[in-house]
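Numbering (the working numbering), first residue to last: 69 to 308.
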């Protein structure tokens, strides 16, 4: 539209893990700046500014902090944008407190190691879930990437995945509640593996046409042994 001032995208998308071609979107946006939410991929696996994005957003609460003990956000941009946004931040009081800054600095020191270890675990879980009879579909960039964006745009598929279970929303809620090692919670990117049912939690207010399938569960893979996670999912899926 002629009055478009900003284009916003999230890739990989939460919770379906759909990928968007950042370079193609930036070309389509033309002179309109593109902002990419890079929370799921993290700076370790994807750098949107290399593909035409002007601004990059992170929920630093997630992978950057990495331990579930800080609430923060970060916006990366060029100097022109930073000068304008710094003034808005100061006037609105959106200033990170010292302890939060310390916790983020601590998290950054281990971010690459954590992300790659969690990604390895997610790939094992995605492959295991793909063969489970109670699972109808697994969403993970490492399994389905017809456009070849993993490798061209990302250096890896990441630690977030989603899967759909037979029986729809009722079965999905049962599985999430039956997990023992895996925590039933809504965050992502931390050292603990978390499972959640988007249709009844984070995406409950979303309009029906855009809401994820009721049988879909999102899994944020942490640093536990993948074999232990598979065992927990096996017993949870047996309850559905």
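Virtual Cβ for every residue (Gly too), placed ideally from N, Cα, C.
Assumed close pair residue i, residue j - CB separation to whole angstroms, cut-off 8 Å
{"i": "residue 296", "j": "residue 249", "result": "6 Å"}
{"i": "residue 316", "j": "residue 302", "result": "Residue 316 is absent from the structure shown; the chain starts at 69 and stops at 308."}
{"i": "residue 292", "j": "residue 261", "result": "6 Å"}
{"i": "residue 143", "j": "residue 159", "result": "Incorrect: roughly 16 Å between the Cβ atoms, too far for contact."}
Residue i versus the options, residue with shortest Cα-Cα distance
{"i": "residue 224", "options": "189, 267, 99 and 231", "result": "189"}
{"i": "residue 78", "options": "99, 164, 124 and 118", "result": "124"}
{"i": "residue 284", "options": "108, 80 and 85", "result": "85"}
{"i": "residue 191", "options": "227, 169, 163 and 166", "result": "227"}
{"i": "residue 211", "options": "87, 76 and 74", "result": "87"}
{"i": "residue 306", "options": "264, 213, 89 and 202", "result": "202"}
{"i": "residue 311", "options": "83, 107, 117 and 108", "result": "The structure shown does not extend to residue 311, since the chain is modelled only from 69 to 308, so the question has no answer here."}
{"i": "residue 98", "options": "72, 80 and 131", "result": "72"}
{"i": "residue 300", "options": "251, 141 and 282", "result": "251"}
{"i": "residue 149", "options": "214, 103, 243 and 133", "result": "103"}
Exposure of residue i, with buried meaning 16 or more beta-carbon neighbours within 10 Å
{"i": "residue 105", "result": "buried"}
{"i": "residue 198", "result": "exposed"}
{"i": "residue 165", "result": "exposed"}
{"i": "residue 218", "result": "buried"}
{"i": "residue 220", "result": "exposed"}
Closer than 9 Å to chain C by CB, residue i
{"i": "residue 139", "result": "The chain labelled as chain C is not found in the depicted structure, where only one protein chain is given."}
Residue i and residue j closer than 9 Å at C-beta
{"i": "residue 112", "j": "residue 184", "result": "yes"}
{"i": "residue 216", "j": "residue 258", "result": "no"}
{"i": "residue 287", "j": "residue 193", "result": "yes"}
{"i": "residue 75", "j": "residue 101", "result": "yes"}
{"i": "residue 163", "j": "residue 121", "result": "no"}
Enclosing alpha helix (DSSP H) for residue i [first to last residue]
{"i": "residue 306", "result": "Here residue 306 belongs to no alpha helix (DSSP H), and DSSP marks it neither H nor E."}
{"i": "residue 286", "result": "Note, residue 286: premise wrong, no alpha helix (DSSP H); beta strand (DSSP E) at 284–288."}
{"i": "residue 191", "result": "166–198"}
{"i": "residue 155", "result": "147–160"}
{"i": "residue 94", "result": "90–97"}
{"i": "residue 243", "result": "236–246"}
Run of the beta strand (DSSP E) containing residue i, from where it starts to where it stops
{"i": "residue 204", "result": "203–207"}
{"i": "residue 78", "result": "75–78"}
{"i": "residue 105", "result": "102–105"}
{"i": "residue 217", "result": "No beta strand (DSSP E) holds residue 217; the alpha helix (DSSP H) holding it covers 217–220."}
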